[in-house]
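Asks:
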Amino acid sequence: MKPKHDVELQKKICLDFGADIGSELCQEVGLLMEECPECKVYYDTMQRSVKLYRVVEDECELPESVSERLFKVLNLDQLKKDV
Amino acid sequence: MHQIKRELTIEETPELIQAARDGDRKVQSQLVMMYSSRIYNLGLRMLRNNEDAEDMLQETFITAFQKIHTFKGKSSFYTWVYRIGVNIALGKLRKQSRMQISYSIQEPDFENLHGLKISDWPEYIETKVSDNEFRIALKVALDDLDEKYRSVFVLRDLEEKSTAKTAEILELSESNVKVRLMRARLFLRDRMSTFLKREGWLV
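Each protein sequence line maps, in turn, to chains A and B.
The opening position of the first sequence corresponds to residue 573 in the working numbering, with each subsequent residue numbered one higher.
The opening position of the second sequence corresponds to residue 963 in the working numbering, with each subsequent residue numbered one higher.
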């Protein structure tokens, strides 16, 4: 059985909405999410899209050619091999 | 997932930074080797293409070494260089935005969602992340996001900076950062839902 007030969910949503935990806005948004399944789905899919971006936009290796041009433009290319 | 293989890690001591400030070229090379990959990735995330990211990377280190005498050591050298990088990227984005189509950003209004049919995403969506078309759709949506929202999204959700740090770097109020972040996330979520529907992945 679902608890009447999902405190952890409310806290998470509050942080996402930038409201202070315990503020009137925060409580209203939390209650809205519990009473409105559509809002909860919308919120959850928003969270999932952020997670997808963290995977797709993961850091890539600096290409060697980019690194070489950087050292050259900084006149450090003679020192690169010693680093 | 890619790994950063070439990143050099040495301790960033005051003596090391002083040596760089005094013009020690070997130390400067070490600093470039340590931080260039992270600055390049920041450029890629903010500017969305390899050429602009490379230009930003070069301009960042040129500016950093030209102005190194102004570095007071109040933050780490990396934080200082990172801020230079963000400012250079923002300058480029502002120039580009004059020529780009701007997509409207809807106000997040959960009240209006009551009674609407909002399709949940199937559980397998996360496994589709290796699908090329899916990755392109994600990237295009982020490309289309207005720079003022994208820069906040990149710093907060991808670079994982705090709200306070993001506000400081972008010279915004913290509440402004929160509002822009929420709008960015909702824009990206809506674009992905549209794509998933078009592909027949949502009922």
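Backbone N, C-alpha and C fix where the C-beta goes; we use that ideal spot for every residue, glycine too.
For the alpha helix (DSSP H) containing N1094(B), list its first residue and its last residue.
Replies: Element bounds for N1094(B): 1094 to 1106.
Asks: Considering only the beta carbon of each residue, do R1045(B) and S621(A) sit closer than 8 Å?
Replies: Not in contact: R1045(B) and S621(A) (Cβ atoms no closer than 8 Å).
Asks: Pop quiz: I1024(B) and V645(A) are said to be a contact at Cβ under 8 Å. What is the actual Cβ separation, rounded to whole angstroms?
Replies: Right, their Cβ atoms sit about 7 Å apart.
Asks: Report the rounded CA-to-CA distance for N1049(B) versus I972(B), giving the unit in angstroms.
Replies: Roughly 26 Å separates the two Cα atoms.
Asks: Go to E610(A), then tell me how far its alpha helix (DSSP H) extends in each direction, as first and last residue.
Replies: Taken as a continuous stretch (DSSP letters only), the alpha helix (DSSP H) holding E610(A) covers 609 to 628.
Asks: Might you give, ordered along the chain, the residues of its own chain that have their beta carbon closer than 7 Å to the beta carbon of S1038(B), omitting 5 neighbours on each side?
Replies: E974.
Asks: Report back the beta-carbon spacing between S1135(B) and A1126(B) to the nearest angstrom; my notes put them in contact at under 8 Å.
Replies: The pair is not a contact, with the Cβ atoms about 11 Å apart (cut-off 8 Å).
Asks: By the 10 Å Cβ neighbour count, where 16 or more other Cβ atoms means buried, how is S639(A) classified, buried or exposed?
Replies: Buried, because 16 or more other Cβ atoms sit within 10 Å of the Cβ of S639(A).
Asks: Shortest alpha-carbon distance to R1166(B) belongs to which of L1019(B), D986(B), D984(B)?
Replies: Nothing about residue 1166(B) can be reported from this structure: the residues present for chain B run from 963 to 1165 only.
Asks: For the alpha helix (DSSP H) containing S639(A), name the first residue and the last one.
Replies: Its alpha helix (DSSP H) spans residues 636 to 645.
Asks: Pairs of beta-carbons, one from the stretch 989 to 999 of chain B and one from the stretch 610 to 629 of chain A, closer than 8 Å: are there three or more?
Replies: No, the stretch 989 to 999 of chain B does not touch the stretch 610 to 629 of chain A.
Asks: Quick one: using the 10 Å Cβ neighbour count with 16 as the cut-off for buried, is V627(A) buried or exposed?
Replies: V627(A) is exposed by the Cβ-count criterion.
Asks: Which value, in whole angstroms, describes the spacing of the CA atoms of G985(B) and L642(A)?
Replies: Taking the straight line joining both Cα atoms gives about 18 Å.
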